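Every letter in the sequence shown is one number past the one before it in the UniProt record's numbering, and letter 99, counting from 1, is 99.
Even for Gly, the Cβ is constructed at its ideal location relative to N, Cα and C.
Computed from a predicted model, the values in this text were never measured in an experiment.
Below: one structure, written as structure tokens.
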Amino acid sequence: DCSKDSSEESEKIIKKCKHGERPHQSFHHFGESLRKDDNVEEKHDEEDEAVMDFRANLPLGKVREVKERLGLKLFNKAYFGTHKCEEKEENGRMEPGNLNKHLGQHRPKEITSRKPVSIFRPVYQNMKTIKKKRDPRFDSRAGLYKERCFEDNYSFLDDLRKYEREVTKREEFGDMEVAAKILRRMDNREKTKADRKLKQRTYQELRQENIDRMMRGERPVFKTKAEVKMINMEKKFDQLKKEGKLDQYMKRKAKKEARKEARKKLSFEEKYGYH
1 DCSKDSSEES EKIIKKCKHG ERPHQSFHHF GESLRKDDNV EEKHDEEDEA
51 VMDFRANLPL GKVREVKERL GLKLFNKAYF GTHKCEEKEE NGRMEPGNLN
101 KHLGQHRPKE ITSRKPVSIF RPVYQNMKTI KKKRDPRFDS RAGLYKERCF
151 EDNYSFLDDL RKYEREVTKR EEFGDMEVAA KILRRMDNRE KTKADRKLKQ
201 RTYQELRQEN IDRMMRGERP VFKTKAEVKM INMEKKFDQL KKEGKLDQYM
251 KRKAKKEARK EARKKLSFEE KYGYH
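Next up, the structure:
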């Protein structure tokens, strides 16, 4: 008898749901049909409370039976309410602009199947295809930086710099001060490089002398930094003397030392506290 009663009640529930009606507070009574009017939202709130009470008392077996007979869509409308189902459907619908939205960092963009797919399409649209410039001197992938090897491999840059200097001299710049600054910067770079090469040559000669001593069975002699500096100065003076620029260099050097000493000396006002 109980099974007959439950089947009859489930049949009533199914009929009510098919007609768009929703259940009420108790299991034996059912709510009125849904109406769409100006007070729909208030009515939905009241019905939601009623449905929550009804669902709390409804057995799971009967819920499953009704769901199998009605189908998922109709059951959801009857069980949860039409307005909630409509909200879910609206949220579930994707806008046309969001179809091509990139959802992941390395996830390829979804493209409609109606368009033919190109073989040469970019798989990862957000990845930068432009190659980054890198300096081999500061890149760990190029190994340890060795100045001699770098200068040997990139010696063609010296020829390019010389060509740029000649072009800068020949061209007529609108602003002569800018041209003079560029040429001065190039000259200073060349002087610094020449001094560095002179020091390298001095160290190579001293190393070779020690190797020759050891080959003869003698002990190597290691020069101090001050001694190496004096050797470099002698070589530089000899080179300037050959070029006829020694006097000019000594005058410039004397002026530089005088400015340095003047900076070190305190003025009369600073020395005796007059401000």
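- Membership of Thr112 in any alpha helix (DSSP H) is not indicated, and neither H nor E is assigned to it by DSSP.
- Its chain contains Arg165, Thr168 and Lys169 as the residues whose beta carbon lies nearer than 8 Å to that of Leu183, once the 5 sequence neighbours on both sides are disregarded; these appear in chain order.
- Fewer than three beta-carbon pairs drawn from the segment 207-214 and the segment 236-243 are found closer than 8 Å, and the two stretches are therefore not classed as touching.
- 8 Å or more divides the Cβ of Val228 from the Cβ of Asn210.
- Just measuring C-alpha positions, the residue of Arg196, Glu151 and Arg137 sitting nearest Tyr145 is Arg137.
- Residues of the same chain with a CB within less than 6 Å of the CB of Tyr249, apart from the 5 flanking positions on each side, are Leu240 in chain order.
- Judged by their CB atoms, Leu198 and Lys260 are not nearer to each other than the 8 Å cut-off.
- Burial is judged here by how many other beta carbons sit within 10 angstroms of a residue's own beta carbon; Val178 has fewer than 16 and is exposed.
- A direct Cα-to-Cα measurement between Tyr163 and Asp139 gives close to 28 Å.
- In the DSSP annotation of this structure, the continuous segment of the alpha helix (DSSP H) that includes Ile211 starts and ends at Met176 to Met215.
- Annotated as proximal: Lys223 and Leu206, with beta-carbon spacing under 8 Å.
- When DSSP states are grouped into helix, strand and coil, Thr224 belongs to the coil group.
- Rounded to the nearest angstrom, the gap between the Cα atoms of Asn153 and Ala194 is 18 Å.
- Gly61 sits in a helix when the DSSP states are folded into three classes.
- Asp158 is the residue among Gln208, Asp158, Arg201 and Asp175 whose C-alpha sits nearest the C-alpha of Asp187.
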